[in-house]
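S.K.: Sharing a structure here in structure tokens format.
There are 2 protein chains.
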Amino acid sequence: EDLVVSGVELDEEQARVTLLNVPDRPGYAGKVFRAIAQAGVNVDMIVQNVRSASGDTRLSITVPRADALRAAEAASAAVDDPGHVLVEPNMAKLSVVGIGMRTHTGVATRMFGALAEAGINIALINTSEVRVNVLTDLGPGKAGLAALGRAFDLPTRLAASGSG
Amino acid sequence: EDLVVSGVELDEEQARVTLLNVPDRPGYAGKVFRAIAQAGVNVDMIVQNVRSASGDTRLSITVPRADALRAAEAASAAVDDPGHVLVEPNMAKLSVVGIGMRTHTGVATRMFGALAEAGINIALINTSEVRVNVLTDLGPGKAGLAALGRAFDLPTRLAASGSG
Ligand SMILES: C[C@@H](O)[C@H](N)C(=O)O
Ligand SMILES: C[C@@H](O)[C@H](N)C(=O)O
Numbered sequence: 028e029d030l031v032v033s034g035v036e037l038d039e040e041q042a043r044v045t046l047l048n049v050p051d052r053p054g055y056a057g058k059v060f061r062a063i064a065q066a067g068v069n070v071d072m073i074v075q076n077v078r079s080a081s082g083d084t085r086l087s088i089t090v091p092r093a094d095a096l097r098a099a100e101a102a103s104a105a106v107d108d109p110g111h112v113l114v115e116p117n118m119a120k121l122s123v124v125g126i127g128m129r130t131h132t133g134v135a136t137r138m139f140g141a142l143a144e145a146g147i148n149i150a151l152i153n154t155s156e157v158r159v160n161v162l163t164d165l166g167p168g169k170a171g172l173a174a175l176g177r178a179f180d181l182p183t184r185l186a187a188s189g190s191g
Numbered sequence: 028e029d030l031v032v033s034g035v036e037l038d039e040e041q042a043r044v045t046l047l048n049v050p051d052r053p054g055y056a057g058k059v060f061r062a063i064a065q066a067g068v069n070v071d072m073i074v075q076n077v078r079s080a081s082g083d084t085r086l087s088i089t090v091p092r093a094d095a096l097r098a099a100e101a102a103s104a105a106v107d108d109p110g111h112v113l114v115e116p117n118m119a120k121l122s123v124v125g126i127g128m129r130t131h132t133g134v135a136t137r138m139f140g141a142l143a144e145a146g147i148n149i150a151l152i153n154t155s156e157v158r159v160n161v162l163t164d165l166g167p168g169k170a171g172l173a174a175l176g177r178a179f180d181l182p183t184r185l186a187a188s189g190s191g
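So this is what it looks like as structure tokens:
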């Protein structure tokens with residue numbers, strides 16, 4: 028695959044808020060987001076995957092660190108389950124950006140390999156047509172950015188928190 | 028939020044392959060993707076979220092239906108755990124597309140609400156700077172597309188399988 032990567036970025040302002048036991052039935056994601064919208068929280072990434080054996084699933088959002096507790100309160104109240112919400116206030120978002128990533132295989136292989144060699148654990152993965160994003164702990168964020176800059180032979184950039 | 032949505036799409040060619048017990052330690056995502064790249068599988072979405080109490084996490088990819096079994100074999104062999112791979116061959120990907128989604132809250136609220144009213148279960152959520160993507164079962168895909176077309180007052184489009 029002809030790698031079309033044009034940049035690597037680090038956003039050190041992210042927090043992850045996860046509802047740990049959302050029933051995997053129609054309507055729950057709608058309920059949660061109505062509550063988040065009413066609380067006026069800006070959401071960056073939304074990630075949900077397969078449900079567990081119990082029939083529940085985990086629904087995560089990433090938000091600016093300053094909004095994390097407000098988002099957690101609004102989201103958990105929406106599913107009547109205040110006990111099972113995980114707030115991870117100190118996360119870093121690392122992104123590899125490139126136009127025309129027809130498939131993510133090549134970029135992901137190099138990105139995940141670079142973070143592995145740097146001994147950095149990947150806490151979340153989310154992809155789009157122009158990016159592969161991962162979350163790591165905040166501590167290793169800058170080391171991760173440097174590792175990605177070397178792996179893709181690119182200058183590195185600290186992103187302003189926001190879209191993507 | 029001024030909704031900047033320009034389109035809704037349905038891709039009926041998707042399958043989801045999930046490794047159910049990937050150790051959440053540095054290096055495993057790199058191993059899995061090296062194997063997937065060697066098998067020559069085109070990956071569309073990659074989703075991983077928080078780990079479970081046991082310390083494992085679930086790592087999912089979405090691939091063209093024809094590649095699902097090959098991807099499952101390559102990925103599970105990479106983590107020496109052939110038993111715990113879930114292949115869901117018949118999924119539909121529904122997308123709401125719009126430039127400049129600074130935050131996903133407004134679009135997500137309307138999208139998830141429309142699917143809830145149509146009684147359609149959301150099996151995966153992934154967002155990008157220009158899209159909110161969900162996976163549903165293949166069966167309700169077209170009904171989902173129609174519901175989203177109404178919710179965003181837009182013509183609907185069947186997407187060719189590929190990036191995004
Ligand atoms: C978990 C949540 O996404 C649920 N499956 C829904 O459709 O709302
Ligand atoms: C699960 C996988 O992403 C692991 N955390 C890694 O860093 O490779």
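If you read the sequences in order, they're chains B and U. Counting in the working numbering, the first sequence runs from 28 upward without gaps. Counting in the working numbering, the second sequence runs from 28 upward without gaps. Even glycine gets a Cβ: it sits at the ideal position worked out from N, Cα and C.
Are the beta-carbon atoms of residue 90 of chain U and residue 103 of chain U separated by less than 7 Å?
M.R.: Cβ atoms of residue 90 of chain U and residue 103 of chain U: not closer than 7 Å.
S.K.: Put residue 165 of chain B into one of helix, strand or coil per three-state DSSP.
M.R.: Three-state result, residue 165 of chain B: coil.
S.K.: Suppose the cutoff is 6 Å on Cβ atoms and the five residues either side in sequence are ignored; what does the same chain contact list for residue 117 of chain U look like?
M.R.: Counting only Cβ-Cβ distances below 6 Å, and skipping sequence neighbours, we find 165.
S.K.: Closer than 7 Å, Cβ to Cβ, to anything on chain U: give me those residues from the region 94-128 of chain B, in chain order.
M.R.: Residues passing the 7 Å Cβ filter: 113 and 128.
S.K.: Between residue 41 of chain B and chain U, is any beta-carbon pair separated by less than 7 Å?
M.R.: For residue 41 of chain B, the answer is no, since every Cβ of chain U falls outside 7 Å of its Cβ.
S.K.: When the Cα atoms are used, what is the spatial distance from residue 101 of chain U to residue 99 of chain B?
M.R.: The alpha-carbon atoms of residue 101 of chain U and residue 99 of chain B are separated by roughly 38 Å.
S.K.: Residue 155 of chain B CB to nearest chain U CB: under 7 Å?
M.R.: It does: the Cβ of residue 155 of chain B has a partner Cβ on chain U nearer than 7 Å.
S.K.: Once you ignore the five residues that flank residue 43 of chain U on each side, which residues in its own chain have a CB closer than 7 Å to its CB?
M.R.: Here the set comprises 87, 89, 115, 118, 151 and 162.
S.K.: From which residue to which residue does the beta strand (DSSP E) around residue 81 of chain B run?
M.R.: It is not in any beta strand (DSSP E) - residue 81 of chain B carries neither H nor E in the DSSP assignment.
S.K.: For residue 119 of chain U, which of helix, strand or coil comes out of DSSP?
M.R.: Strand.
S.K.: Using a Cβ cut-off of 7 Å, pull out every chain B residue sitting near residue 87 of chain U, in sequence order please.
M.R.: Neighbours of residue 87 of chain U on chain B, chain order: 76 and 77.
S.K.: Between residue 51 of chain B and residue 148 of chain U, which are expected to be in contact by the criterion C-beta below 8 Å, what is the C-beta distance as a whole number of angstroms?
M.R.: The Cβ separation is near 7 Å, so the contact holds.
S.K.: Measuring only the C-alpha atoms, how far is residue 139 of chain U from residue 62 of chain B?
M.R.: Straight-line Cα distance between these residues: approximately 12 Å.
S.K.: Curious, which full-length beta strand (DSSP E) runs of at least 3 residues does the region 39-110 of chain B contain?
M.R.: For the region 39-110 of chain B, whole beta strand (DSSP E) runs of length 3 or above, ordered along the chain, are 73-75 and 83-91.
S.K.: Looking at the C-beta of residue 70 of chain B, does it have a partner C-beta in chain U at a distance below 7 Å?
M.R.: Yes, residue 70 of chain B lies at the interface with chain U (some Cβ there is under 7 Å from its Cβ).
S.K.: Does the beta carbon of residue 48 of chain B come closer than 7 Å to any beta carbon on chain U?
M.R.: No, residue 48 of chain B does not count as interfacial toward chain U.
S.K.: Starting from the beta carbon of residue 64 of chain U, find every residue of chain B whose beta carbon is closer than 7 Å, and list them in chain order.
M.R.: Result: 132, 133 and 136.
S.K.: Use the C-beta contact count for residue 83 of chain B: other C-beta atoms within 10 angstroms, 16 or more gives buried, fewer gives exposed.
M.R.: Label assigned to residue 83 of chain B: buried.
S.K.: With a threshold of 16 other CB atoms inside 10 Å of the CB of residue 189 of chain U, please say whether the residue is buried or exposed.
M.R.: With a pLDDT of 46 at residue 189 of chain U, under the threshold of 50, the predicted position of this residue should be treated as unreliable, and no value is reported.
S.K.: Excluding the five sequence neighbours on either side, which residues of its own chain have a C-beta within less than 6 Å of the C-beta of residue 66 of chain U, listed in chain order?
M.R.: Here the set comprises 97 and 101.
S.K.: Just how far apart, CA to CA, sit residue 158 of chain B and residue 56 of chain B?
M.R.: Answer to the nearest angstrom: the Cα atoms are 24 Å apart.
S.K.: Give the secondary structure of residue 181 of chain B by DSSP, where H, G and I count as helix, E and B as strand, and everything else as coil.
M.R.: Here residue 181 of chain B sits in coil by DSSP.
S.K.: Is the beta carbon of residue 35 of chain U less than 7 Å from the beta carbon of residue 125 of chain U?
M.R.: No, the Cβ-Cβ distance between residue 35 of chain U and residue 125 of chain U is not below 7 Å.
S.K.: Give me, in chain order, the residues of the same chain whose beta-carbon lies closer than 8 Å to that of residue 58 of chain B; leave out the 5 immediate sequence neighbours on both sides.
M.R.: So the list reads 105 and 106, once near-sequence residues are dropped.
S.K.: In chain U, which residues lie with their C-beta within 9 Å of the C-beta of residue 165 of chain B?
M.R.: Here the premise fails: no neighbours, minimum Cβ distance about 16 Å.
S.K.: Within its chain, find whatever has a CB closer than 8 Å to the CB of residue 144 of chain U; leave out the 5 residues flanking it on each side and keep chain order.
M.R.: The residues are 174.
S.K.: Please find out if some non-hydrogen atom of ligand 1 comes closer than 6 Å to the beta-carbon of residue 73 of chain B.
M.R.: Every heavy atom of ligand 1 is 6 Å or more from the Cβ of residue 73 of chain B, so no.
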